[in-house]
Amino acid sequence: MPRFDYKGRDRGGSAITGQLEAASTDSAANQLLNSGVTPIEITENRPRPSPGERYRKWRARRRPRLDDMILFARQLYTLMRSGVPIIRALNGLADNIDNPYLQDVIHDLVMGLESGLDLSGAMARHPQVFSDLFISMVQVGEHSGNLDAALLQLSEYLEREKETADRIKTAMRYPTFVVVAIAIAIGVINFFVIPTFTGIFDKFDAELPWQTRLLVGMSNFTIQYWYLLAGGLIVALIAVRAWLKTPKGKLIWDRYKLKLPAVGIILHYALLQRFATAFAMTQRSGVPLLQGLTVVANAVDNAYVEQHIHGMRTGVEQGESLTRTATNSGMFTPLILQMIAVGEESGSVDEMLDNIAVFYGREVDYRLKYLSSALEPILIVILGAMVFLLALGVFLPMWDLMNVVRGN
1 MPRFDYKGRD RGGSAITGQL EAASTDSAAN QLLNSGVTPI EITENRPRPS
51 PGERYRKWRA RRRPRLDDMI LFARQLYTLM RSGVPIIRAL NGLADNIDNP
101 YLQDVIHDLV MGLESGLDLS GAMARHPQVF SDLFISMVQV GEHSGNLDAA
151 LLQLSEYLER EKETADRIKT AMRYPTFVVV AIAIAIGVIN FFVIPTFTGI
201 FDKFDAELPW QTRLLVGMSN FTIQYWYLLA GGLIVALIAV RAWLKTPKGK
251 LIWDRYKLKL PAVGIILHYA LLQRFATAFA MTQRSGVPLL QGLTVVANAV
301 DNAYVEQHIH GMRTGVEQGE SLTRTATNSG MFTPLILQMI AVGEESGSVD
351 EMLDNIAVFY GREVDYRLKY LSSALEPILI VILGAMVFLL ALGVFLPMWD
401 LMNVVRGN
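Per the working numbering, residue 1 is the first one in the sequence shown, and the count goes up by one each step.
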């Protein structure tokens, strides 16, 4: 029961303070009045939360990760495949899922179902958790009576998404570590190494080589204006993040990152794999073509590609074939265009798209395996240039000083 600190006056008018336990502030005031104390101030005594409690509160605010959504779709499929009623299945999931945020969402889904909504309609009230693709697949599954099959397809799709994301993170781990190490090394050199040698050079009245003057100038500037550099970096990061949240900024960045050296082609192939997988799933489930293109456009998570897919949808609405609109978009490789054309002619677009997804999945795997090998020469050149400049800047004047000493 909560504890309350109170200030008041007794029957004689003397000020008193103390603590008591009560269910609420009103209950505490009634207790004081019944004991002959007139309350002046009552405040709840809330103990400082422990680190574990703070962590649990933070987790409660954390949105579901991809792992949570995979577990949700897979478990809901298993329960429904076993014949468990959907409300009972959702209640069981809410008790077993570890993410408090998702637990609250599932409880709201149950309330929506009990109020007469279908599952897709209840999910649509939580767009921050359920994507358009997720909601559309559930809707089609409900209308066709194959909700369990739709959930199975969703779980498999999300699992492939997670595998691709994990492979990209693993491949980028080494380059990221090297870049961070370079940044730390530059800071140590500027703040500690160069100032030490500068004190030595100042004792001798000799002209320093340009490499040394460059290093000393950079070090002095960094030491004197580090707060401006740090402030400028923070402001730049905030400005860039704000710009990337704008539609124009996101569109420009999503287009530019597909052209990055070594990494851009991997991101491009990963997007093509995602497009093919999601589009195949919608077509196999019976989602209308126009609705499927809209759903897939929102699922690719790239504003530049999304814009082209919406252009394809406009072309199909105007009566053009899927192959022609895909060709006009300029986004797809000849392999995808050929496979889509064969699928349209044979009536098996979903099978052709599955083949495309498998092919580009292998391409992503292959290029990720050799990403570190492709980036290593660039990183080695950067490290070599740093070491070379440092060696020239430090050892050339030291060599000159030794010659002067020997000459004397």
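The beta carbon of each residue, even a glycine, is placed where N, CA and C say it ideally should be.
Beta-carbon proximity of residue i to residue j, cut-off 8 angstroms
i, j, result
"Arg274", "Leu290", "no"
"Met69", "Ser285", "no"
"Pro175", "Leu379", "yes"
"Ala278", "Tyr101", "no"
"Thr25", "Ile42", "yes"
"Pro209", "Leu396", "yes"
"Leu71", "Ile97", "yes"
"Asp350", "Ala280", "yes"
"Ala124", "Leu109", "no"
"Leu66", "Glu161", "yes"
"Gln103", "Ala94", "yes"
"Leu151", "Ile266", "no"
"Asp365", "Arg167", "yes"
"Pro2", "Ala22", "yes"
"Val37", "Gly13", "no"
C-alpha gap between residue i and residue j, whole angstroms
i, j, result
"Glu320", "Thr170", "42 angstroms"
"Ala276", "His310", "15 angstroms"
"Gly145", "Asn355", "27 angstroms"
"Arg63", "Ile189", "41 angstroms"
"Gly112", "Lys369", "46 angstroms"
"Gln338", "Phe359", "14 angstroms"
"Ile186", "Met386", "9 angstroms"
"Ala262", "Leu215", "32 angstroms"
"Leu147", "Ile184", "53 angstroms"
"Arg213", "Leu383", "20 angstroms"
"Leu237", "Phe134", "33 angstroms"
"Thr325", "Glu317", "10 angstroms"
"Ala165", "Leu272", "14 angstroms"
"Phe392", "Phe197", "Looking at the sequence itself, residue 392 is Leu, so the reference to Phe does not match. So the two alpha carbons sit approximately 13 angstroms from each other."
"Leu79", "Glu44", "44 angstroms"
"Val235", "His143", "51 angstroms"
"Phe221", "Phe191", "10 angstroms"
"Gly264", "Gly343", "28 angstroms"
"Arg362", "Ala73", "25 angstroms"
"Val180", "Arg241", "20 angstroms"
"Leu335", "Thr323", "12 angstroms"
Segment limits, beta strand (DSSP E) that includes residue i
i, result
"Arg3", "3-9"
"Leu260", "Neither: Leu260 is in no beta strand (DSSP E) and is coded neither H nor E."
"Glu44", "38-45"
"Gly18", "15-21"
Classification of residue i by the beta-carbon crowding that lies within 10 angstroms, buried from 16 upward
i, result
"Tyr55", "Here Tyr55 scores only 49 on pLDDT, less than 50, and its place in the model should not be relied on; the value that follows carries that caveat. Exposed is the call here."
"Gly116", "exposed"
"Thr17", "exposed"
"Thr294", "buried"
"Gln19", "exposed"
"Ala413", "Here the chain comprises residues numbered 1 to 408, so residue 413 is not present and cannot be evaluated."
"Met398", "exposed"
"Gln224", "exposed"
"Ile194", "buried"
"His268", "buried"
"His107", "exposed"
"Phe130", "buried"
"Leu33", "exposed"
"Val140", "buried"
"Asn99", "buried"
"Leu228", "exposed"
"Ile340", "buried"
"Ile200", "exposed"
"Gln128", "exposed"
"Phe409", "Outside the shown range of the chain, which is 1 to 408, sits residue 409, and nothing can be said about it."
"Ser120", "buried"
"Leu353", "buried"
"Val394", "buried"
"Val300", "buried"
Residue span of the alpha helix (DSSP H) that contains residue i, given as start and end
i, result
"Gly121", "119-123"
"Met331", "Premise fails: Met331 is in no alpha helix (DSSP H) and is neither H nor E."
"Thr169", "The amino acid occupying residue 169 in the given sequence is Lys; Thr does not appear at that position. 147-188 is the extent of the alpha helix (DSSP H) around Lys169."
"Thr78", "66-81"
"Glu306", "303-317"
"Phe134", "132-144"
"Arg362", "349-369"
"Asn91", "86-96"
"His107", "100-114"
"Phe192", "It is not in any alpha helix (DSSP H) - Phe192 carries neither H nor E in the DSSP assignment."
"Val240", "226-244"
CB contact below 8 angstroms: residue i versus chain D
i, result
"Arg362", "Among the chains of the structure shown, chain D does not appear; only one protein chain is present."
How about the stretch 239-258 and the stretch 325-333: do they share at least three Cβ pairs that are nearer than 8 angstroms?
Flag = no, the stretch 239-258 and the stretch 325-333 do not touch.
Count the CB pairs spanning the stretch 300-307 and the stretch 250-270 that are closer than 8 angstroms, and state whether there are at least three.
Contact holds: three or more Cβ-Cβ distances are below 8 angstroms.
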